[in-house]
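Okay, so here's the structure we're looking at.
Residue numbers (this note's numbering): 2 to 552.
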């Protein structure tokens, strides 16, 4: 960023700027609450909206008032919850760990909670030209090249802080300035701050900013996780339903939290005006623990109830796809004697004579397992899949893991990456753990996803594989020079050439392209008006029967 230097390396920005911050503190808080925002000192800009610089006017920072930072960056429901702060400097690399260290030292005793519990620091995200993430995390995230390049001239912070703690913002800005100067870089003065009040006044390109993060600022909602699984996990780790309920109702108290809880704390609680409060997902988990405690206790004891499925014939059992077959004693191994069928067979052989049982009268029970499948489920994890769509895909995976004897692998694709969350397994715990990390963001690299799925199938050599693609769009990231659409079609053709079973589930607006994709792969296509779990369950049942060769 161009502009004249404000403070040279080696000087203390905290001493120079603090009187001005105190003088304008009330005005700053008023601007944030309206929302407006503005300069904090001369090198920092703070608002609750998106703001940024234009390469044509690098001395000017534009605040986009219609674009709330919390809603755009983190998908939050309410406006004005997330404070967006940028501190501008000479082009160069600033270590996010040095920034985090400086902020922690500056805040010192100002934090309202013990350092061993979740604090305001856990609700601060950092990004520099080197990387970033949650201030209290590893700070090894934010490695996307376009994201790092976009932050070579400023340090970005996002803070989910209630207004009662906005008085600490000057200390945070001063601490960041100190870290910048310690890196040997100059601060840059912001000459003008311009507010844009209408949605179309000036477009803001967010494409460089999407990346994986460990942030706790994203709002957890009931569709972001399986509430029953979360309740079961919490009861198991806390030592029972009552202990889990106590944790949710008391909010963890004032003491230290166990390390295993910290990673899921943001799912259960969110920072509100009065401190930590239960999130909507936390309320749902509490309701399940309170109203379905008996079911949770049965699950904890490892009880698995099997019952005769409604509407099935007497020889077909519910549960994990097992079928009960009765036949003569000779033949394949048997499981037990069928008394009723044995006496019926004797009666048929000698309807008017005595019924002492003979060897050829005995009928035995055999359990026949339908051939198991190996599902490779490819889930589109681009930004448009957020909310109920990604939840429907996760529900399908859980359904298959709980209700079948099939092995399941789960991979997601977003931006330019394909991530294998769950390798082929029947283990429900491994499936749940893998699904936790699946969060939508970014673009759609479908060609790379099809290539990785084919490579995985050829390496794992499953006996009955089925690649199931779930997507709400069309590819937007290419692998080479042909373009994203052509690249994906070429990879689909490879699937067809190698005779790997393939099924695609998509939405009506993309029918024409997905029809060609499925045709190239020699697979099947299901077009839905919307991705709903019931529809996905039905498709999986139908495709499972087709691949198994059963009716």
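All C-beta atoms in this analysis are idealised placements derived from N, C-alpha and C, irrespective of residue type, glycine included.
Bear in mind that the values here come from a model prediction, so they are computed numbers and not experimental data.
Exercise for the section: With a 10 Å radius around its C-beta and 16 neighbouring C-beta atoms as the bar for buried, classify residue 141 as buried or exposed. Expected result: exposed
Handout entry: Under 8 Å between C-beta atoms of residue 427 and residue 399
Key = no
Exercise for the section: Kindly confirm or deny that the region 238-250 and the region 165-174 touch, where touching means at least three C-beta pairs closer than 8 Å. Expected result: no
Handout entry: Delimiting residues of the alpha helix (DSSP H) encompassing residue 292
Key = 281-292
Handout entry: Residue nearest to residue 180 in terms of C-alpha spacing, selected from 413, 359, 93, 193
Key = 93
Practice task
Measure the C-alpha to C-alpha separation of residue 284 and residue 241 and round it to an integer number of angstroms.
Solution key: 18 Å
Handout entry: Span separating the alpha-carbon of residue 440 from that of residue 387
Key = 8 Å
Practice task
Just the C-alpha distance for residue 362 and residue 518, rounded to the nearest angstrom, thanks.
Solution key: Each residue's alpha carbon lies about 56 Å from the other.
Problem - Range of the contiguous alpha helix (DSSP H) that encloses residue 266 - result: From DSSP, the alpha helix (DSSP H) with residue 266 extends over 266-269.
Exercise for the section: Would you mind sorting residue 545 into buried or exposed? The rule is 16 or more other CB atoms within 10 Å of its CB. Expected result: buried
Exercise for the section: Assess, as a yes-or-no matter, whether the region 476-487 is touched by the region 443-454 under the definition of 3 or more beta carbon pairs within less than 8 Å. Expected result: yes
Practice task
Could you please give the first and the last residue of the uninterrupted alpha helix (DSSP H) stretch that includes residue 456?
Solution key: 447-461
Practice task
Label residue 8 either buried or exposed according to how many other C-beta atoms from any shown protein chain fall within 10 Å of its C-beta, with 16 as the threshold for buried.
Solution key: Residue confidence is low: residue 8 scores 38 on pLDDT, short of 50, so the model does not pin down where it sits. No coordinate-derived value is stated.
Handout entry: Cα-Cα separation between residue 542 and residue 294, rounded to whole angstroms
Key = 31 Å
Problem - Environment of residue 454 [buried if 16+ CB atoms lie within 10 Å] - result: A residue is called buried when at least 16 other Cβ atoms come within 10 angstroms of its Cβ; residue 454 meets this threshold and is buried.
Exercise for the section: Taking residue 488 as part of the alpha helix (DSSP H), name the residues at either end of that continuous run. Expected result: 485-498
Practice task
Enumerate in chain order the residues of its own chain whose CB-to-CB distance from residue 534 is below 8 Å, with the five nearest sequence positions on each side excluded.
Solution key: 392, 393, 396, 397, 400
Exercise for the section: Kindly confirm or deny that the region 59-68 and the region 124-141 touch, where touching means at least three C-beta pairs closer than 8 Å. Expected result: no
Exercise for the section: Starting from the Cα of residue 456, find the closest Cα among 430, 419, 471 and give me that residue. Expected result: 419
Handout entry: residue 186, DSSP secondary structure in three states
Key = In the displayed model, residue 186 falls within coil according to three-state DSSP, outside both helix and strand.
Handout entry: Residue from 466, 526, 365, 485 with nearest C-alpha to residue 501
Key = 466
Exercise for the section: Return the first residue and the last residue of the beta strand (DSSP E) that residue 469 is part of. Expected result: 466-471
Handout entry: residue 71 versus 52, 57, 165, residue with shortest Cα-Cα distance
Key = The residue with the shortest Cα to Cα distance from residue 71 is 52.
Exercise for the section: Give me the Cβ distance between residue 196 and residue 104, rounded to the nearest whole Å; I'm assuming they're in contact under 8 Å. Expected result: No, residue 196 and residue 104 are not in contact; Cβ-Cβ is about 27 Å, not under 8 Å.
Problem - Among 77, 235, 82, 54, nearest to residue 90 - alpha-carbon criterion - result: 54
Practice task
Provide the residue span of the beta strand (DSSP E) that contains residue 526, from first to last.
Solution key: 525-529 is the span of the beta strand (DSSP E), which, as asked, contains residue 526.
Practice task
Report yes if the CB atom of residue 82 is closer than 8 Å to the CB atom of residue 190, and no otherwise.
Solution key: Between residue 82 and residue 190, the CB-CB gap reaches or exceeds 8 Å.
Exercise for the section: Could you spell out where the beta strand (DSSP E) holding residue 59 opens and where it closes? Expected result: 58-69
Problem - Exposure of residue 1, with buried meaning 16 or more beta-carbon neighbours within 10 Å - result: Since the displayed the chain opens at 2 and closes at 552, residue 1 lies outside it and no answer follows.
Practice task
Could you name the residues of the same chain whose beta carbon sits closer than 6 Å to that of residue 547, not counting the 5 residues immediately before and after it, in chain order?
Solution key: none
Problem - Residue from 109, 80, 188, 107 whose Cα sits closest to the Cα of residue 95 - result: Comparing Cα positions, the closest option is 188.
Handout entry: Identified DSSP bridge partners for residue 41
Key = 45
Practice task
Thinking residue 267 and residue 217 are a contact (beta carbons under 8 Å), I'd like their distance in whole angstroms, please.
Solution key: 4 Å
Problem - residue 404 versus residue 429: straight-line alpha-carbon distance, rounded - result: Cα to Cα, the separation comes out at about 10 Å.
Practice task
Could you say which of 174, 124, 469 lies nearest to residue 527 if we only look at CA atoms?
Solution key: 469
Handout entry: Residues bridged to residue 504 (per DSSP)
Key = 469, 525
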